[in-house]
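Colleague:
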Amino acid sequence: MLQKSLVLTCTLFTLLFAFPAFAQTDDVSDDDVNRVAHELFCPTCESIPVDVCPTEVCSDWRAEIRRQLEAGATDEEVLEFFAARYGTGVLANPPARGLGSFFWIGPIVVVLAGLFIFGRQMNRLQQDSVEKISEAPPVPSSGDPYRDRVEKELRQ
642 MLQKSLVLTC
652 TLFTLLFAFP
662 AFAQTDDVSD
672 DDVNRVAHEL
682 FCPTCESIPV
692 DVCPTEVCSD
702 WRAEIRRQLE
712 AGATDEEVLE
722 FFAARYGTGV
732 LANPPARGLG
742 SFFWIGPIVV
752 VLAGLFIFGR
762 QMNRLQQDSV
772 EKISEAPPVP
782 SSGDPYRDRV
792 EKELRQ
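Count along the sequence shown from 1, add 641, and you get the number used in the numbering used here.
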């Protein structure tokens, strides 16, 4: 009887300390927090990611990110939480919808328009130079065949 109670007590004692170990999830590392914090901008500083900002606000945000990640939230869910609470201006990568789509498409349109204008301008300059060369009077012969050939090649 004593052996059975001793075994039962040891088993219960072991299980008592084993349950908290089983209940713990994987700890969230600083790298996990910084990975998400890098995708957010400081609300008080200009263009500084939360992962490197030394302000108290960003420290609080990193603590909130850690709490949410420990609760099982994904990176996207944490980013959506901050965007819903503080607006999409805190996101390092704005969503590609509404006004945010302009920030994704706008630079591409500007570059393509610039290339188009540059190409037209180069074509116009080339046509102007061809017209000037064709309008130029012929070069009189200097008597030196080598010099005449060089002058002819330079005019073309």
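Ideal Cβ placement from N, Cα and C applies to all residues, glycine included. Keep in mind it's a predicted model, so treat the numbers as computed, not measured.
1) Are there 16 or more other CB atoms within 10 angstroms of the CB of Arg703, so buried, or fewer, so exposed?
2) Taking all protein chains shown into account, do 16 or more other C-beta atoms lie within 10 angstroms of the C-beta of Glu680, making it buried, or fewer, making it exposed?
3) If you reduce the DSSP assignment to three classes, tell me which class Pro690 lands in.
4) Grab me the residues of Val677's own chain with a C-beta within less than 6 Å of its C-beta, minus the 5 sequence neighbours each way, in chain order.
5) For a quick check, are the C-beta atoms of Val731 and Phe743 less than 8 Å apart?
6) Taking just the CA atoms, how far does Glu794 sit from Pro735?
Modeller: If we stick to the structure as given:
1) buried
2) buried
3) strand
4) Ile706, Asp716, Val719
5) no
6) 56 Å
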